[in-house]
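Enquirer: Numbering (my numbering), first residue to last: 4 to 935.
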Amino acid sequence: MRLERFRVKTPGMAALLARSLLCVTGLLLTLSPPVCEAFNLDVENPAVYSGPTGSYFGYAVDFYLADSSSVSVVIGAPKANTRQVNVTEGGSVFYCPWSLGHTDCHAIEFDSEGDRTVVLNKTEQVEFKSHQWFGATVRSHGDTILACAPLYSWRTEQDVPRSDATGACYLSARNFTKFVEYAPCRTGNCPDEGGQGYCQGGFSADFTTDGKVVLGGPGSYFWQGQVISAPKEDIIRSYYPGYFMQSVERQIQTKQVQSAHDDSYQGYSVAVGEFSGDQVEGESLKRGFISFYDETFMGSYFGYSVATTDINNDGLTDLLVGAPMFMVRGSDSRLEEMGRVYVYLQRSPLNLELRLPHLTGTQVFGRFGSTIAPLGDLNQDGFNDVAISCPFGGEDQRGLVYIFNGHSEGLREKPSQVITGQWAAGTIPASFGFALRGAKDLDMNGYPDLIVGAFGVDTAVEVQLDSHKHKQKGAVKRALFLDSQQPLLQKSVSVRHGDRVCSNTKIYLRDEKEFRDKLSSIYVALNFSLDPEAAADSHGLRPILNYQTTSVIEQKAQILLDCGEDNICVPDLKLAVSGNRKEVYLGDDNSLTLTFNARNEGEGGAYEAELYVVLPPEADYSGIYRNNESLTQLTCSYESENQTRYLSCDLGNPMKSGTNLWAGLRFTVPRLKDTHKTVQFELQIRSKNENNSHSEVVPYKLEVVVQADVILVSRPDKVFFPPPNWKVTKSYEVEQDVGPAVEHIYELVNNGPSRISHTRLELRCPLSVQGQTLLYPLEFSTEGPINCTSDKHMNHHRLKVSASQAPPHLRGSLKSGAVQREQRTDFNHTYYQTSCSNSECWAIECNVGLLEKGTTAVLKVRSRVWAETFIEVSVLFGPQVVTPVVWNKPDIENSVPLWIIILAILAGLLLLALLIYVLYKVRIHIFYITEV
Numbered sequence: 004m005r006l007e008r009f010r011v012k013t014p015g016m017a018a019l020l021a022r023s024l025l026c027v028t029g030l031l032l033t034l035s036p037p038v039c040e041a042f043n044l045d046v047e048n049p050a051v052y053s054g055p056t057g058s059y060f061g062y063a064v065d066f067y068l069a070d071s072s073s074v075s076v077v078i079g080a081p082k083a084n085t086r087q088v089n090v091t092e093g094g095s096v097f098y099c100p101w102s103l104g105h106t107d108c109h110a111i112e113f114d115s116e117g118d119r120t121v122v123l124n125k126t127e128q129v130e131f132k133s134h135q136w137f138g139a140t141v142r143s144h145g146d147t148i149l150a151c152a153p154l155y156s157w158r159t160e161q162d163v164p165r166s167d168a169t170g171a172c173y174l175s176a177r178n179f180t181k182f183v184e185y186a187p188c189r190t191g192n193c194p195d196e197g198g199q200g201y202c203q204g205g206f207s208a209d210f211t212t213d214g215k216v217v218l219g220g221p222g223s224y225f226w227q228g229q230v231i232s233a234p235k236e237d238i239i240r241s242y243y244p245g246y247f248m249q250s251v252e253r254q255i256q257t258k259q260v261q262s263a264h265d266d267s268y269q270g271y272s273v274a275v276g277e278f279s280g281d282q283v284e285g286e287s288l289k290r291g292f293i294s295f296y297d298e299t300f301m302g303s304y305f306g307y308s309v310a311t312t313d314i315n316n317d318g319l320t321d322l323l324v325g326a327p328m329f330m331v332r333g334s335d336s337r338l339e340e341m342g343r344v345y346v347y348l349q350r351s352p353l354n355l356e357l358r359l360p361h362l363t364g365t366q367v368f369g370r371f372g373s374t375i376a377p378l379g380d381l382n383q384d385g386f387n388d389v390a391i392s393c394p395f396g397g398e399d400q401r402g403l404v405y406i407f408n409g410h411s412e413g414l415r416e417k418p419s420q421v422i423t424g425q426w427a428a429g430t431i432p433a434s435f436g437f438a439l440r441g442a443k444d445l446d447m448n449g450y451p452d453l454i455v456g457a458f459g460v461d462t463a464v465e466v467q468l469d470s471h472k473h474k475q476k477g478a479v480k481r482a483l484f485l486d487s488q489q490p491l492l493q494k495s496v497s498v499r500h501g502d503r504v505c506s507n508t509k510i511y512l513r514d515e516k517e518f519r520d521k522l523s524s525i526y527v528a529l530n531f532s533l534d535p536e537a538a539a540d541s542h543g544l545r546p547i548l549n550y551q552t553t554s555v556i557e558q559k560a561q562i563l564l565d566c567g568e569d570n571i572c573v574p575d576l577k578l579a580v581s582g583n584r585k586e587v588y589l590g591d592d593n594s595l596t597l598t599f600n601a602r603n604e605g606e607g608g609a610y611e612a613e614l615y616v617v618l619p620p621e622a623d624y625s626g627i628y629r630n631n632e633s634l635t636q637l638t639c640s641y642e643s644e645n646q647t648r649y650l651s652c653d654l655g656n657p658m659k660s661g662t663n664l665w666a667g668l669r670f671t672v673p674r675l676k677d678t679h680k681t682v683q684f685e686l687q688i689r690s691k692n693e694n695n696s697h698s699e700v701v702p703y704k705l706e707v708v709v710q711a712d713v714i715l716v717s718r719p720d721k722v723f724f725p726p727p728n729w730k731v732t733k734s735y736e737v738e739q740d741v742g743p744a745v746e747h748i749y750e751l752v753n754n755g756p757s758r759i760s761h762t763r764l765e766l767r768c769p770l771s772v773q774g775q776t777l778l779y780p781l782e783f784s785t786e787g788p789i790n791c792t793s794d795k796h797m798n799h800h801r802l803k804v805s806a807s808q809a810p811p812h813l814r815g816s817l818k819s820g821a822v823q824r825e826q827r828t829d830f831n832h833t834y835y836q837t838s839c840s841n842s843e844c845w846a847i848e849c850n851v852g853l854l855e856k857g858t859t860a861v862l863k864v865r866s867r868v869w870a871e872t873f874i875e876v877s878v879l880f881g882p883q884v885v886t887p888v889v890w891n892k893p894d895i896e897n898s899v900p901l902w903i904i905i906l907a908i909l910a911g912l913l914l915l916a917l918l919i920y921v922l923y924k925v926r927i928h929i930f931y932i933t934e935v
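(1) If you draw a straight line from the alpha carbon of VAL921 to that of PRO900, how long is it in whole angstroms?
(2) Return the chain-ordered ranges of every beta strand (DSSP E) run that is complete within the segment 367-433 and spans a minimum of 3 residues.
(3) Shortest alpha-carbon distance to LEU323 belongs to which of SER625, LEU348, SER336, GLY302?
(4) Could you tell me which residues DSSP pairs with TRP845 in its beta bridges?
(5) Starting from ASP623, follow its DSSP beta bridges and name the residues at the other end.
(6) Give me the Cβ distance between THR312 and PRO418, rounded to the nearest whole Å; I'm assuming they're in contact under 8 Å.
(7) Measuring CA to CA, which of LEU909, ARG767, ALA168, ALA528 is closest to VAL555?
(8) Given a cut-off of 8 Å, decide if VAL752 and VAL709 are closer than it, judged by their beta-carbon atoms.
(9) Hey, could you find the ends of the beta strand (DSSP E) ARG865 is sitting in?
(10) Assuming the contact rule is C-beta atoms closer than 8 Å, GLY198 and PHE206 should be a hit. Round their C-beta distance to whole Å, please.
(11) Excluding the 5 residues preceding and the 5 following SER373 in the sequence, name in chain order all residues of the same chain whose CB lies nearer than 8 Å to its CB.
(12) If ARG142 and ALA208 are in contact, beta carbons under 8 Å, what's the gap, nearest whole angstrom?
(13) State the Cα-Cα distance for the pair PRO360 and TYR345, rounded to the nearest angstrom.
(14) For PHE179 and ARG86, I'd like the C-alpha separation in whole angstroms.
(15) Are at least three pairs of beta-carbons, each pair with one atom in the segment 734-744 and one in the segment 574-592, less than 8 Å apart?
(16) Please work out which residues of its chain come closer than 7 Å, Cβ to Cβ, to LEU492, disregarding the five sequence neighbours upstream and downstream, and give them in chain order.
(17) Am I right that PHE182 and PHE97 are in contact with their C-beta atoms under 8 Å? What's the rounded C-beta distance?
(18) I want to know whether the segment 854-868 touches the segment 758-766 - three or more CB-CB distances under 8 Å.
(19) Quick check on the DSSP output: the alpha helix (DSSP H) that includes ARG240 runs from which residue to which?
(20) Give every residue of the same chain whose Cβ lies closer than 8 Å to the Cβ of PRO490, excluding the five residues on either side of it in the sequence, and list them in chain order.
(21) Is it buried or exposed, MET248, if we count other Cβ atoms within 10 angstroms and call 16 or more buried?
(22) Does the distance from the CB of PHE278 to the CB of LEU357 come in under 8 Å?
(23) Just to confirm before moving on: does the CB-CB distance between ASN315 and GLU416 stay below 8 Å?
(24) Specify, as a first and last residue, the run of the alpha helix (DSSP H) that TRP157 falls within.
(25) Between which two residues does the beta strand (DSSP E) holding TYR224 run?
(26) Taking only the alpha-carbon atoms, compute the straight-line gap between GLU557 and ILE525 and give it to the nearest angstrom.
(27) Do the CB positions of GLU706 and GLU586 come within less than 8 Å of each other?
(28) State buried or exposed for ILE919, treating a residue as buried only when at least 16 other CB atoms are found within 10 Å of its CB.
(29) Would the beta-carbon of PHE66 fall within 8 Å of that of LYS443?
(30) Please state the DSSP three-state secondary structure of LYS289.
(31) Around the Cβ of ILE905, are there at least 16 other Cβ atoms within 10 angstroms (buried) or fewer (exposed)?
(32) Inspect the beta-carbon positions of PHE684 and PRO620 and report whether they are closer than 8 Å.
(33) Grab the span of the beta strand (DSSP E) containing VAL141 for me, first residue to last.
(34) Would you tell me roughly how many angstroms separate the C-alpha atoms of ALA666 and LYS521, rounded to the nearest one?
(35) Tell me whether the beta-carbon of GLU613 lies closer than 8 Å to the beta-carbon of ASP575.
In structure tokens, the structure reads:
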């Protein structure tokens with residue numbers, strides 16, 4: 004943590020005294036507003052003060068005037084570790100002497116003891132100082148310093164492990180020679196219903212001009228809150244070391260009221276001022292919960308900060324109230340937290356008049372009004388000025404402090420200076436401006452100073468004055484200075500008071516191919532400031548600029564376009580879109596080509612014209628369609644913003660009037676969901692023209708279709724019965740007694756592209772054909788996402804099944820005969836039905852679960868053919884699945900007795916011999932006749 008000191012620049016060459024601004028833990032800035040109502044910062048010769056890292060050094064700050072000849076700074080660090088035994092992050096207060104070149108701070112040892120104990124029946128710890136935030140509140144009065152720990156806790160009941168955050172404070176008096184404890188909320192009735200058990204005394208504090216201590220305890224009486232006050236002399240006089248409770252003479256405090264005032268947080272912030280007209284200062288208290296006016300919203304933290312000072316120089320104390328969480332409705336009708344400060348002018352005793360307009364912050368979530376500090380008369384115009392913090396405003400939320408000057412009607416609407424926390428950096432918000440104290444002369448130069456606390460700062464860097472910056476569209480600066488070939492030109496000019504200086508320089512425009520933005524204005528700004536290296540005058544003082552004088556002069560120029568005399572182009576953009584498909588399939592890559600026609604039928608060009616395509620979440624961009632030479636080739640970029648993915652294609656800069664182009668884009672749509680019936684692309688032509696810059700949005704919608712090529716396969720495709728050497732038996736005890744075995748496999752295959760689910764497969768077969776029994780069903784098994792059940796005919800004779808077959812919980816039945824199938828598809832629901840007619844059937848019914856593309860559900864059925872069956876049938880499984888059942892003809896060798904075969908052979912041989920003899924006789928007879 005650091006502090007740095009800077010001198011000020013004074014006006015002209017006049018010998019004026021310097022005033023100062025002090026920034027705790029960030030920079031110690033010396034700021035001097037001269038008589039001409041102007042001041043700015045001199046960032047030379049910094050002095051640096053360091054505090055413990057992570058201690059919140061600078062959370063609270065104040066001046067310390069030990070005597071009339073010297074002023075120093077006291078700084079609270081509520082998370083600092085101390086030498087107290089067994090106390091963690093008890094908090095500390097640092098004393099920082101003020102002098103040029105002096106950079107040391109040292110801790111003030113208000114309390115060196117650890118947690119104290121008492122001895123009753125046993126030794127018990129009665130207070131808890133770890134994490135008590137000592138130093139969260141620091142105030143001084145003369146040689147007395149008040150430092151408080153609002154989260155200090157002590158045991159409220161004996162023998163009960165309970166403690167309450169009563170809060171406790173210490174006073175350092177007589178230039179650190181005497182330290183006394185002051186804890187008015189640590190009373191004996193803390194556990195009582197109306198007690199001060201969670202008082203947090205010292206959450207806020209102040210001194211009156213005559214030395215009375217004023218403490219705020221917002222937690223008392225069920226958060227009604229409480230304010231306690233007592234003269235510091237009486238507090239010191241009544242202190243006895245070792246006594247936890249003390250009676251302070253002339254102490255006064257607010258009491259508990261009706262329960263309707265619970266959660267009012269009285270004492271959240273306190274300030275003292277004279278409001279009664281009796282020239283005696285009282286406490287000015289506001290409650291953060293109260294809403295006095297319609298525009299003050301509940302929750303704006305009205306009263307988070309209060310301050311008193313005479314703003315309009317009428318001799319009466321005025322009141323300023325901060326509401327750092329005040330909400331303002333923006334241009335889009337949304338509420339934005341800006342913060343506000345209310346100014347009440349005291350017109351007569353106890354008569355406060357609200358001044359309008361209110362001072363409203365300009366930084367969203369900046370907490371404008373978190374702290375308000377009277378400064379005294381900075382610019383010597385006879386009216387007191389104030390500083391108002393915005394601790395989370397500015398660049399990177401580093402914090403801002405605004406200086407507002409007083410005048411006869413209150414505070415001026417615009418700040419005379421904005422001090423930025425540019426040096427703030429750290430792991431937590433720097434909170435530059437979290438603590439402010441002013442109206443004291445630190446360097447004894449006759450002018451009041453300001454302390455700014457920034458407890459989140461880890462290191463300090465050099466402060467810089469604000470410089471004007473203008474952001475142009477695009478990354479390339481379009482105009483350059485001829486002298487420097489750069490967008491910036493800096494010159495040094497020596498000027499004496501009252502002199503006028505003129506200087507000419509040339510600016511040229513880049514080639515139009517080097518930038519895109521041809522429509523927006525080119526701003527030329529002259530920003531002048533004082534040279535920090537300029538020599539000081541004989542009094543050691545430097546010149547300053549009057550803050551009411553404009554330090555930036557800005558002009559703008561337009562690039563001449565081919566758009567008529569008014570230089571305003573008004574395009575008329577038209578867009579038509581077509582695609583190569585109207586539907587996409589669930590589960591497929593779905594290649595898609597969108598062809599579009601873009602036209603500009605207006606009287607001027609469309610600048611930075613782009614085709615803007617919003618992609619649905621299911622789609623991806625795959626490239627430009629290049630298969631058609633008649634289409635224009637595009638340059639496209641694929642980007643995403645928040646959750647929107649979009650494609651941006653350059654159509655020309657400008658897309659001239661009369662342009663008519665065709666082009667194509669390729670996409671895939673692989674991530675379809677069955678919960679959506681359609682997917683939609685949105686296309687639009689956009690340009691940067693001010694008038695008629697966009698075309699109509701053209702949607703291109705695709706229907707989401709479920710389509711799957713599902714087939715049913717039967718294996719084997721043909722079965723022959725009976726096997727060789729089969730013998731018929733009349734007893735049926737085991738499955739082999741029935742007849743030859745038949746094992747068949749049915750596969751339900753999904754060839755995609757979509758997946759199917761909730762599929763029902765039914766297999767039904769007749770028990771008999773033409774009066775003869777056919778198949779005896781034994782069991783079945785399944786593979787894949789299929790679950791089947793069978794009817795009562797499965798192994799109804801309770802035959803013993805071979806042990807090698809499927810387990811019992813997978814068994815089912817099979818029937819043969821003519822089987823027919825119907826199919827209906829309705830978004831992932833496919834139904835199969837089979838039937839058999841004119842006979843009693845046995846059946847297997849299956850439910851098929853999710854069947855992805857390329858997956859199969861298998862049903863295996865095992866049965867036996869009855870031995871008495873001698874018919875041939877063809878079993879039709881679906882329109883394309885035919886399984887013939889063919890019976891082999893009887894084998895003669897096996898069916899004819901051997902003796903019959905031998906007798907037949909012998910008879911054949913005898914017949915052959917008789918035939919030969921007959922033929923022989925016939926030949927002789929013919930020969931004889933011939934001979935005669």
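Ideal Cβ positions, reconstructed from N, Cα and C, are used throughout, including at glycine.
Expert: So, to answer that:
(1) 32 Å
(2) 375-379, 388-393, 403-407, 420-423
(3) LEU348
(4) CYS768
(5) THR671
(6) Going by Cβ atoms, the distance from THR312 to PRO418 rounds to 16 Å, so no, they are not a contact pair.
(7) ALA528
(8) no
(9) That run of the beta strand (DSSP E) goes 859-868.
(10) Their Cβ separation, rounded to whole angstroms, is 17 Å, which puts GLY198 and PHE206 out of contact at 8 Å.
(11) Taken in chain order, the residues that qualify are TYR307, SER308, GLY325, PRO327, GLY342, SER392, CYS393, PRO394, GLY436, PHE437.
(12) Indeed they touch by this definition, with Cβ atoms about 5 Å apart.
(13) 9 Å
(14) 18 Å
(15) no
(16) PHE484, ASP486, THR508
(17) Not really, about 16 Å apart at Cβ, beyond 8 Å.
(18) yes
(19) 235-241
(20) LYS480, ALA482, LEU483, PHE484
(21) exposed
(22) no
(23) Not in contact: ASN315 and GLU416 (Cβ atoms no closer than 8 Å).
(24) Run containing TRP157: none in the alpha helix (DSSP H); it sits in the beta strand (DSSP E), 156-158.
(25) Unbroken run through TYR224 is the alpha helix (DSSP H), 223-226; no beta strand (DSSP E).
(26) Rounded to whole angstroms, GLU557 to ILE525 spans 10 Å at the Cα level.
(27) Contact flag set, yes.
(28) exposed
(29) yes
(30) Caution is warranted here: a pLDDT of 38 is assigned to LYS289, below 50, making its placement in the model unreliable, and no coordinate value can be reported.
(31) exposed
(32) no
(33) 140-144
(34) 25 Å
(35) no
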